[in-house]
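Counted from 1, the sequence shown has number 175 at position 175 by UniProt numbering; the numbering is strictly sequential.
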Amino acid sequence: MFPSLDFSRFHELSQREQFCHQFVSILKEYGFVKLINHGIPYAQIDLAFAAARHFFQLPLEQKLKSPHPPTAHPHRGFSPLGLENIGAVSNYGRATESPYLRDMKESYDIGSECDPLYKNIWPPSGVDDAFQPTFISFFEAGYRTELTILKALSIGLGLPEQTLGQLHAEQTNELRITHYPAVARGDFAHATRIAAHTDFGTITLLFQDAVGGLQMEVPPHSGQFADIESGEPYECILNVGDCLQKWTGLHSARHRVHLPSEEQSDGMVPERFSIAYFAKPDRAAILRPLLNGDSEQKYLTANEFQHMRIAGTY
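Written out as structure tokens, the structure is:
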């Protein structure tokens with residue numbers, strides 16, 4: 001139902017311009033697009049999902065040896081079920097569901113090893129020794145892919161090709177591994193897997209298993225959500241974030257993870273895994289429109305905006 005693009009076309013010079021315009025056209029209409037041949041090696045995706053499964057299967061006391069701080073910053077380490085509440089900021093700080101739906105997930109947040117402000121929180125030696133090298137490598141692959149995608153977006157928007165990439169030189173990005181445990185369907189009366197929200201950064205590269213549950217607001221701002229089924233295992237779902245919307249006017253994709261239509265024979269909703277790479281601007285980047293910005297108006301920096309948006313989630 002929803003369009004899928006083969007990103008390898010970007011690397012064919014004869015197809016590049018047409019591809020970039022098609023890429024941006026789809027994002028203007030939907031706020032997201034499915035990508036294949038995006039640049040992250042398939043073997044690396046397999047390793048990352050295997051590492052995620054291994055970590056989340058550990059006993060809770062082992063996972064809690066690399067805890068996320070009790071506040072929103074720094075966004076690092078393991079968050080157990082119930083620590084984060086995306087529903088609190090599901091619509092630029094205004095709730096869209098009352099009461100808030102409790103998020104039923106656990107996650108692990110990772111940043112760049114080069115980040116001078118926030119250090120990563122890793123499982124200590126002996127807990128899960130493969131976790132750190134696997135996700136450092138995945139993070140680096142995500143950054144290389146991000147820069148190529150930002151070049152394609154710049155071309156498609158009619159901007160100099162390095163415009164967006166130059167605003168992402170400091171790798172202030174984040175990688176999130178999420179596990180939605182198997183639960184009884186009846187437990188969702190006042191909960192969801194993750195409440196409706198937009199992402200705070202520039203673009204998100206989402207990888208998911210085949211369990212289902214991801215929904216996007218289609219068309220944007222309609223309040224209507226459509227199921228986005230996972231195609232092949234290595235498909236990436238790219239969605240526009242708030243910062244790219246502020247720069248370009250492309251729709252920031254509002255999405256949620258709700259109940260899949262199928263359940264197991266025992267009435268349980270099966271567990272689900274996803275890996276999201278959040279491309280974020282340099283902290284000092286100004287969120288002034290790139291196409292028709294008012295040079296006299298004062299705009300937030302990316303750091304100011306994202307602190308404002310994330311403050312209510314922890």
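Glycine included, C-beta positions come from ideal geometry on N, C-alpha and C.
Under the three-state DSSP convention, the category residue i falls into
| i | result |
| --- | --- |
| Phe278 | strand |
| Ile177 | strand |
| Asn239 | strand |
| Met308 | helix |
| Val24 | helix |
| Phe10 | helix |
| Thr204 | strand |
| Lys298 | coil |
| Leu81 | coil |
| His168 | helix |
| Tyr92 | With a pLDDT of only 43 at Tyr92, under the threshold of 50, the placement of this residue in the model should not be trusted, and no figure is reported. |
| Phe2 | coil |
| Phe19 | helix |
| Glu106 | strand |
| Arg288 | coil |
| Arg283 | coil |
First through last residue of the alpha helix (DSSP H) which encompasses residue i
| i | result |
| --- | --- |
| Arg53 | Tyr42 to Phe56 |
| Gln132 | Phe131 to Gly156 |
| Glu217 | Element bounds for Glu217: not the alpha helix (DSSP H) but the beta strand (DSSP E), Leu214 to Glu217. |
| Leu60 | Leu60 to Lys63 |
Segment limits, beta strand (DSSP E) that includes residue i
| i | result |
| --- | --- |
| Cys114 | Cys114 -> no beta strand (DSSP E), and no H or E assigned at all. |
| Ile194 | Ile194 to His197 |
| Ile36 | Phe32 to Ile36 |
| His75 | Segment: none, His75 is in no beta strand (DSSP E) and carries neither H nor E. |
| His68 | No beta strand (DSSP E) holds His68; DSSP gives it neither H nor E. |
| Val211 | Taken as a continuous stretch (DSSP letters only), Val211 belongs to no beta strand (DSSP E), as it is neither H nor E. |
| Val257 | His255 to Val257 |
| Asp128 | Segment: none, Asp128 is in no beta strand (DSSP E) and carries neither H nor E. |
| Ala226 | Phe225 to Asp227 |
Residue i classed as buried or exposed, judged by whether at least 16 other C-beta atoms fall within 10 angstroms
| i | result |
| --- | --- |
| Asp128 | buried |
| Asp242 | buried |
| Cys114 | exposed |
| Ala195 | buried |
| Arg309 | buried |
| His73 | exposed |
| Arg256 | buried |
| Gly249 | exposed |
| Gly267 | exposed |
| Glu17 | exposed |
| Glu217 | buried |
| Ser25 | exposed |
| Gly223 | exposed |
| Asn120 | buried |
| Ser14 | exposed |
| Gly31 | buried |
| Thr134 | buried |
| Gly126 | exposed |
| Thr71 | exposed |
| Lys280 | buried |
| Gln171 | buried |
| His221 | exposed |
| Pro123 | buried |
Alpha carbon of residue i to alpha carbon of residue j, nearest angstrom
| i | j | result |
| --- | --- | --- |
| His307 | Thr202 | 15 Å |
| Ala184 | Asp6 | 38 Å |
| Ile45 | Phe138 | 8 Å |
| Tyr108 | Phe78 | 4 Å |
| Ser66 | Leu159 | 42 Å |
| Leu27 | Tyr180 | 28 Å |
| Lys246 | Ile286 | 10 Å |
| Asn239 | Pro289 | 19 Å |
| Phe273 | Lys105 | 10 Å |
| Asn292 | Thr178 | 37 Å |
| His251 | Gly165 | 19 Å |
| Thr204 | Phe49 | 17 Å |
| Leu175 | Thr145 | 13 Å |
| residue 350 | Leu206 | Examination of residue 350 is not possible in this model, given that the chain is present from 1 through 314 alone. |
| Phe225 | Phe2 | 13 Å |
| Ile155 | Tyr118 | 32 Å |
| Ile36 | Ile275 | 16 Å |
| Ala51 | Gly142 | 16 Å |
| His21 | His75 | 34 Å |
| Leu47 | Phe55 | 12 Å |
| Glu271 | Ala182 | 4 Å |
| residue 330 | Val33 | What is shown of the chain runs 1 to 314, which leaves residue 330 out entirely. |
| Gln162 | Ile110 | 26 Å |
Flag this pair as touching only if the region 136-154 and the region 39-59 have three or more C-beta atom pairs under 8 Å; answer yes or no. yes
Evaluate contact between the region 229-239 and the region 202-214, counting only Cβ atoms and requiring at least three cross-stretch pairs below 8 Å. yes
Counting Cβ pairs, one atom from each stretch, are 3 or more of them under 8 Å apart for the region 142-156 and the region 52-61? no
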